[in-house]
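Each residue of the sequence shown is one higher than the one before, counting from 1 in the numbering used here. Think of the CB as a built atom: it goes at the ideal place given N, C-alpha and C, for glycine as much as any other residue. Here's the structure, in structure tokens; my notes come after.
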Amino acid sequence: MAHPSQLGFQDAASPVMEELLHFHDHALMIAFLISTLVLYIILAMVSTKLTNKYILDSQEIEIIWTILPAIILILIALPSLRILYLMDEINDPHLTIKAVGHQWYWSYEYTDYEDLGFDSYMIPTQDLTPGQFRLLEADHRMVIPVESPIRVLITAEDVLHSWAVPALGVKMDAVPGRLNQTAFITSRPGVYYGQCSEICGANHSFMPIVVEAVPLEHFENWSSLMLEDA
1 MAHPSQLGFQ DAASPVMEEL LHFHDHALMI AFLISTLVLY IILAMVSTKL TNKYILDSQE
61 IEIIWTILPA IILILIALPS LRILYLMDEI NDPHLTIKAV GHQWYWSYEY TDYEDLGFDS
121 YMIPTQDLTP GQFRLLEADH RMVIPVESPI RVLITAEDVL HSWAVPALGV KMDAVPGRLN
181 QTAFITSRPG VYYGQCSEIC GANHSFMPIV VEAVPLEHFE NWSSLMLEDA
């Protein structure tokens with residue numbers, strides 16, 4: 001969960017998000033080293049009194065500043081491609097959920113069950129209880145079993161939306177007439193918050209996403225109660 005004055009990312013709650021955090025640190029370190037080198041060269045050029053107006057070109061320098069950036073780009077691209085592959089890999093999901101974006105709420109359908117589905121609206125500020133988060137709480141949470149591969153099919157009924165949960169490293173566009181999919185595994189029980197991340201109209205800010213990861217027994221009990229109430 002994010003907190004006031006936070007500068008970094010939320011704590012990772014999925015293996016993919018952990019990989020994204022490591023890649024962020026890796027890329028940031030490369031950017032820091034490049035910035036330090038460039039700053040040193042600028043300061044050295046400004047502060048020195050030595051000049052040589054007869055040097056018009058240098059084959060060695062041109063080779064270096066061509067090969068070195070290529071190596072740096074490869075060092076960034078390889079781990080990035082690995083993470084892209086991990087994000088697209090969906091192996092035998094234990095549960096498939098269809099998330100549909102509407103103006104301005106989400107609806108969820110558990111496709112492995114016959115009649116398990118519900119709409120998820122934001123809880124108004126005046127109805128919040130102590131400890132709940134403003135603009136982030138929903139009347140129905142998307143409940144999933146922890147440490148299980150989950151596939152989410154994402155689409156929209158009216159306009160463009162985007163289903164995003166930062167702690168899980170998940171963000172997928174919801175496009176009318178198109179069915180996108182993403183997958184994740186929650187590494188620990190908890191409640192993870194997200195929001196619609198595509199401007200979709202006047203109430204775009206009031207489309208929270210709440211994912212609750214629970215042990216398998218609790219999920220089975222919850223699904224049984226939901227089916228009884230259906």
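Arg188 vs Ala70 beta-carbon contact at 8 angstroms:
no
Using a Cβ distance threshold of 8 angstroms, determine whether the segment 178 to 192 contacts the segment 140 to 149, with at least three qualifying pairs required.
Pairwise C-beta distances place the segment 178 to 192 in contact with the segment 140 to 149, as three or more of them are shorter than 8 angstroms.
Using a Cβ-Cβ cut-off of 6 angstroms (strictly less than) and excluding sequence neighbours within five positions of Glu19, which residues of its own chain qualify?
Ile83
Hey, Gln195 and Pro208: beta-carbon distance below 8 angstroms or not?
yes
Start and end of the beta strand (DSSP E) containing Leu184?
In the sequence as displayed, the identity of residue 184 is Phe instead of Leu. Start and end: Asn180 to Phe184.
Considering only heavy atoms of the ligand SAM, does any lie closer than 7 angstroms to the CB of Thr111?
Summarising the ligand content, the structure contains no ligands, and the ligand SAM is consequently not present.
Tell me which residue opens and which closes the alpha helix (DSSP H) that Thr66 is part of.
Gln59 to Asp88
Identity of the residue in Trp104, Phe206, Leu227 and Met87 nearest Met172 by Cα:
Met87
Restricting to Cα atoms, I'd like to know which of Leu33, Ala202 and Arg151 is closest to Asp112.
With distances taken between Cα atoms, Asp112 lies closest to Arg151.
Please classify Met29 as buried or exposed, where buried requires at least 16 other C-beta atoms within 10 Å of its C-beta.
exposed
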